[in-house]
Ligand SMILES: [Zn+2]
Ligand SMILES: [Zn+2]
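Numbering (my numbering), first residue to last: 129 to 726.
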């Protein structure tokens with residue numbers, strides 16, 4: 129059983145050279161960016177085995193949580209029975225008492241006392257949908273994406289500066305290149321990357337993780353020439369002269385280059401997961417939830433999670449949903465819903481039903497703008513019905529990724545069918561991930577069934593203009609991420625980053641939901657869906673805890689819950705809404721200990 133065994137959970141042979149290709153949609157080399165197996169092939173060819181990384185992770189002595197008294201703070205508790213307070217008494221990682229200092233209990237003489245000088249304190253933010261192992265792998269890659277560099281020229285000059293600091297011969301790595309949002313050419317060629325450096329191999333991933341680009345040095349190190357044959361289901365792109373032009377399409381072609389990066393072998397991915405937690409702490413996150421465990425390296429990922437837990441070095445709590453494409457593998461293990469503890473716990477079963485709207489693979493009722501395409505179903509409705517029924521019967525909360533309106537039709541039909549069989553998808557807190565295009569009848573049905581959406585709110589801000597102008601047109605785009613309509617229907621909803629799709633940043637997500645402003649546009653995307661700051665804060669704390677089956681222990685600041693909190697430079701309710709993302713995260717506390725502070 130997960131956590132109760134000192135042995136490897138994934139079992140089996142220790143050779144890491146067997147092919148690891150999840151079934152179903154992941155064979156599609158251009159599958160959904162958050163669910164693709166593009167990186168797993170690189171790991172396999174590089175001989176990386178997560179079980180080794182798990183075994184090598186250094187442990188720290190068990191944490192001894194010191195007693196603390198926080199006072200003179202402006203605390204928003206998210207507990208309806210006592211919404212505000214100024215003091216907090218922490219013992220053994222939990223809140224022993226919260227209230228007004230005039231009523232404070234007897235405080236132990238040796239307790240640490242913190243005067244917060246009126247600063248705003250909230251429950252720690254909860255990220256209900258991200259992807260931990262891919263982020264860990266990409267941790268050593270420089271983010272040169274559109275949200276840091278609006279133009280490709282700027283991105284490449286930054287990479288050039290980075291290269292100057294890297295010893296000759298070592299790899300220069302980039303990620304998040306996105307020609308759909310960055311000004312400049314559509315691809316990065318070998319010639320362009322040779323201008324960055326010819327002394328180091330350069331490898332850059334597209335934000336979709338379905339394409340990569342490399343320079344001449346990298347091609348040389350990988351031994352790729354005009355004669356090299358592309359591996360199946362992928363392409364080493366060649367120019368008119370027949371020479372590889374540096375563009376690599378799909379996982380197997382990318383892996384032919386990526387496998388030669390020694391960093392891939394030397395990096396301990398368990399250590400990198402801990403770095404991802406630290407990065408989350410910097411934006412105020414105290415709990416994260418991986419939505420697709422196994423797509424990276426199968427059940428071995430559970431060994432990684434177990435090692436993180438045992439290391440005593442976690443600075444954020446972790447929840448996870450098992451990826452359905454690995455169902456046959458999970459069925460060989462005895463992993464079950466709820467296994468784990470307050471630090472690491474299995475809470476969901478994730479099924480991907482379509483692609484992404486911005487990638488034009490989300491499944492639609494009507495074709496995309498200027499197109500006859502209607503997207504891709506990654507699972508057929510009858511198969512989805514069966515999977516939802518089976519996993520609910522086993523006690524799992526089901527999380528269905530559905531972006532297009534037709535995919536949401538199928539997801540709701542599967543939940544309705546399960547309910548008609550006497551199962552309770554709503555009671556299990558089943559979700560629809562992204563849940564991007566919602567018609568009124570969807571919202572009504574979700575309220576009836578108790579299904580809860582988690583919105584990738586960056587769709588509105590980052591891609592909103594592209595949805596209106598190129599993908600859906602104004603009318604359908606207005607149905608994107610309908611937070612206010614869900615709120616009005618009494619549905620609990622949350623916001624997520626889907627990192628690495630967009631970067632983790634709860635304050636940015638809150639701002640996006642409150643303002644519905646769009647990047648590179650003066651207009652708002654369906655202003656009637658703007659939500660209050662209070663509602664967005666609740667979504668990012670208590671309701672995200674609820675979706676992750678953890679509201680009994682985190683999500684609000686109340687007596688008995690864990691002391692996970694964030695200290696902000698300003699009160700999000702009092703700043704100009706378009707400046708919410710600029711609010712400084714001053715401190716982040718997990719389990720009564722400060723894990724981040726400026
Ligand atoms: Zn995702
Ligand atoms: Zn997804």
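Glycine included, every Cβ here is placed at the ideal spot set by N, Cα and C.
- Between the region 206–225 and the region 430–438, the count of C-beta pairs closer than 8 Å stays below three; the two stretches do not touch.
- Ligand 2 has a heavy atom closer than 7 Å to the beta-carbon of residue 561.
- When DSSP assignments are scanned along the region 545–621, the uninterrupted stretches of beta strand (DSSP E) that are 3 or more residues long and fall wholly within it turn out to be 559–562, 580–583.
- The C-beta of residue 564 has 16 or more other C-beta atoms within 10 Å across all chains shown, which makes the residue buried.
- Here residue 296 really is in contact with residue 327; their C-beta atoms are around 5 Å apart, less than 8 Å.
- Note that the region 364–383 does not touch the region 413–425; fewer than 3 beta-carbon pairs, one per stretch, sit closer than 8 Å.
- No Cβ-Cβ contact shorter than 8 Å links residue 695 with residue 179.
- Within a 10 Å sphere around the beta-carbon of residue 234 sit fewer than 16 other beta-carbons, which makes this residue exposed.
- Taking all protein chains in view, the Cβ of residue 462 is surrounded by fewer than 16 other Cβ atoms within 10 Å, so the residue is classified as exposed.
- Taken through DSSP and simplified to helix, strand or coil, residue 381 comes out as helix.
- Bounds of any alpha helix (DSSP H) do not take in residue 711, whose DSSP letter is neither H nor E.
- One Cα belongs to residue 361, the other to residue 384, and the distance between them is close to 13 Å.
- Beyond the five residues adjoining it in sequence on each side, residue 294 comes within less than 7 Å, by CB distance, of 300, 328 in the same chain, given in chain order.
- Looking from the CA of residue 475, the closest CA among 257, 243, 702, 189 belongs to 257.
- With fewer than 16 neighbouring CB atoms inside 10 Å of its own CB, residue 212 falls in the exposed class.
- Not one heavy atom of ligand 2 sits closer than 7 Å to the Cβ of residue 624.
- For residue 529, the shortest separation between its Cβ and any heavy atom of ligand 2 lies below 7 Å.
- By the criterion of at least three beta-carbon pairs nearer than 8 Å, the region 257–277 is in contact with the region 305–318.
- Rounded to whole angstroms, residue 445 and residue 477 show a C-alpha spacing of 18 Å.
- In this structure, residue 402 keeps its C-beta atom at 8 Å or more from the C-beta atom of residue 265.
- Per DSSP, the unbroken alpha helix (DSSP H) holding residue 674 starts and ends at 670–675.
- Residue state for residue 442 is assigned as coil, using DSSP reduced to three classes.
- Annotated three-state conformation of residue 458 is helix, per DSSP.
- At a Cβ-Cβ threshold of 8 Å, residue 489 and residue 504 count as neighbours.
- Cβ neighbours of residue 267 within its own chain (closer than 6 Å, five residues either side excluded): 400, 403.
- When secondary structure is reduced to three states using DSSP, residue 309 falls in the coil class, being assigned neither helix nor strand.
- If you look at residue 295, you'll find it isn't in any beta strand (DSSP E); DSSP assigns it neither H nor E.
- Note on geometry: alpha-carbon atoms of residue 713 and residue 412 lie some 6 Å from one another.
- A direct Cα-Cα distance of roughly 7 Å separates residue 313 from residue 280.
- Excluding residues up to 5 positions away in sequence, 695, 722, 725 lie with their Cβ nearer than 6 Å to the Cβ of residue 715 in the same chain.
- With a threshold of 7 Å, the Cβ atom of residue 297 does not count as near ligand 1, since no heavy atom of the ligand is closer than that.
- Boundaries for residue 258: no alpha helix (DSSP H) harbours it, while the beta strand (DSSP E) harbouring it runs 253–258, taken from the DSSP string.
- With a 10 Å radius around the Cβ and a threshold of 16 neighbouring Cβ atoms, residue 656 comes out exposed.
- Under DSSP, residue 204 shares a beta bridge with 212.
- Within the chosen limit of 7 Å, ligand 2 does not reach the beta carbon of residue 319 with any heavy atom.
- When the beta-carbon positions are compared, residue 579 and residue 610 stay at least 8 Å from each other.
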